[in-house]
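Numbering (the numbering used here), first residue to last: 1 to 547. Here is the structure we will look at, set down as structure tokens.
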């Protein structure tokens, strides 16, 4: 037994020597030579990454909100079926596909539809949303950046003082304006360099030009009007021309609502450039680098353009209108002011041109249903050119359109406290490249990315009918939905992205009248009523309910 034990110990020692490459002493262990064994440490086991859960399919009740008017409603299932009747729609999208207003990928979120096949106004596109991927620069430079929407590029913060420039010695206010005196008229905060203030007359009865002069900003006080109302068929009024790079600001030193109103027959020609946009803003914004915050709003009344194109809603004793909008008597008073009218029979009427324009910190609610917006269009015709417009931090809608036929391209509504795009009263224009990004903290309840209606007068003519193409709606307000369409209106939605927060649906279709043909907003096409039929949705990416 002892021999066996010794033999076993010998075998164990031999095996140990082999493992240590020879057992020739410590030097052999420290300096392995030929025949040594290299021990490779195994790679650490990677920490498993939890897969991103795929949301379950959205239900109709989550996707669509139901509103009852006059005892009439459109069920969530019916609304979802209308969307599903279109092509290339994704109702189960997620917000992870967006970084702010930008898609995270250059690949379209769903197969696009070519909007130029609808009308030549539209630019042909092969993507959905207002921006073609994360590198699209089309909204950069002429916009300002904010927590509501970061566009990047060379655009300043919306809170920043506009670049008014340095005044050359002896420079006078241009003809037609006056040098402001007293109060804030001759001075601004030294921290922003100081500038000269030139007052715009409240009644612009002859044509006036506001040139870009370094060191000069123009101030409007109270209800500033271009021309006088020439009626639905009147002649030619005054023109206010504003050059690229000009800053116009409101007067915070008096109590009246400051706003710019262009009457029927007159024009506003405000044409900026990508690098030198025209800026309409508040006195607080121009006098101090900290004068406005990310939540500031409602410091003046915005811009109102009134034209002589048809409206479907006529003041008492002036209508009704017809499908062609040919009534010469139909007119309607515009919201926010007293005794100023829009409407007429001229579809191609022109109220001028606004291009590369920012409208900051506007919007005033005078009473319920009577508000001043960022930009208000009343009966402006297809001859009016509106493109590259930003309405920022309006205390009411970003843009509201009452009737008319004006087509719009490249428009951003950022930080609005009410609706982004509000159209009604028989508006029959097109819009493309639209962004509505509500304030991060959430706009007021019942504020929609877009609201479309006809004031519950559901079969008035002309009938509201628009096409939205290439739009991005970022809904943060706890409204019923991002898109509300009601009032017997018609709509066509193409190439869109709709994102909502938790507890907010994507669409809310509402009808307030039941006719022999059906519920007004979703009944079948009827040419005798100028009725397009139920709204159509094609190539829309929906990310509803905070998914």
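Where a beta carbon is used, it is the ideal one built from N, C-alpha and C, also for glycine.
{"Check": "Can you tell me whether DSSP reads residue 63 as helix, strand or coil?", "Outcome": "helix"}
{"Check": "Since residue 251 contacts residue 161 with CB under 8 Å, what's their CB separation in whole angstroms?", "Outcome": "Wrong, their Cβ atoms sit about 17 Å apart, outside the cutoff."}
{"Check": "Put residue 76 into one of helix, strand or coil per three-state DSSP.", "Outcome": "helix"}
{"Check": "With DSSP as the reference, please indicate the residues paired to residue 536 in a beta bridge.", "Outcome": "492"}
{"Check": "If you follow the alpha helix (DSSP H) that residue 285 is part of, which residue opens it and which one closes it?", "Outcome": "283-287"}
{"Check": "Kindly give me the distance between the Cβ atoms of residue 228 and residue 253, rounded to whole angstroms, as I take these residues to be in contact under 8 Å.", "Outcome": "The Cβ separation is near 27 Å, so there is no contact."}
{"Check": "Output needed for residue 423: all residues of its chain with C-beta closer than 7 Å, excluding positions within five of it in sequence on either side, in chain order.", "Outcome": "401, 452, 464, 466"}
{"Check": "Relative to the C-alpha of residue 226, which candidate in 305, 180, 148, 277 has its C-alpha closest?", "Outcome": "305"}
{"Check": "Is DSSP giving residue 528 helix, strand or coil here?", "Outcome": "helix"}
{"Check": "From the DSSP output, in three-state form, read off residue 432 for me.", "Outcome": "strand"}
{"Check": "Check each candidate in 99, 116, 74 and name the one with the smallest Cα separation from residue 472.", "Outcome": "99"}
{"Check": "Figure out for me which residue from 500, 509, 275, 257 has the closest Cα to the Cα of residue 224.", "Outcome": "257"}
{"Check": "Below 8 Å on the Cβ atoms is my contact criterion, and I expect residue 404 with residue 374 to pass it. Report the Cβ-Cβ distance as a whole number of Å.", "Outcome": "No, residue 404 and residue 374 are not in contact; Cβ-Cβ is about 17 Å, not under 8 Å."}
{"Check": "Using DSSP with H/G/I as helix, E/B as strand and the rest coil, what is residue 352?", "Outcome": "strand"}
{"Check": "Below 8 Å, how does it come out for the region 274-285 and the region 295-315: are there three or more Cβ pairs, yes or no?", "Outcome": "yes"}
{"Check": "Are the region 334-353 and the region 377-391 in contact at 8 Å, needing three or more beta carbon pairs?", "Outcome": "yes"}
{"Check": "For residue 84, does the three-state DSSP call read helix, strand or coil?", "Outcome": "helix"}
{"Check": "Using 10 angstroms around the beta-carbon of residue 308, count the other beta-carbons present and answer buried if the total reaches 16, otherwise exposed.", "Outcome": "buried"}
{"Check": "List the residues that DSSP assigns as beta-bridge partners of residue 300.", "Outcome": "362"}
{"Check": "Taking C-alpha atoms, which residue in 336, 75, 200 lies nearest to residue 370?", "Outcome": "336"}
{"Check": "Helix, strand or coil: how does DSSP classify residue 373 here?", "Outcome": "coil"}
{"Check": "Say whether the region 118-136 touches the region 359-370, bearing in mind that this needs 3 or more beta-carbon pairs closer than 8 Å, one atom from each stretch.", "Outcome": "no"}
{"Check": "For residue 226, report the span of its beta strand (DSSP E) as first-last.", "Outcome": "223-226"}
{"Check": "Only counting the same chain, and skipping five residues up and downstream in sequence, which positions put a Cβ closer than 7 Å to that of residue 122?", "Outcome": "115, 116, 430, 432, 469"}
{"Check": "Taking Cβ positions, are residue 213 and residue 171 nearer each other than 8 Å?", "Outcome": "yes"}
{"Check": "For the beta strand (DSSP E) that contains residue 198, what are its first and last residues?", "Outcome": "196-199"}
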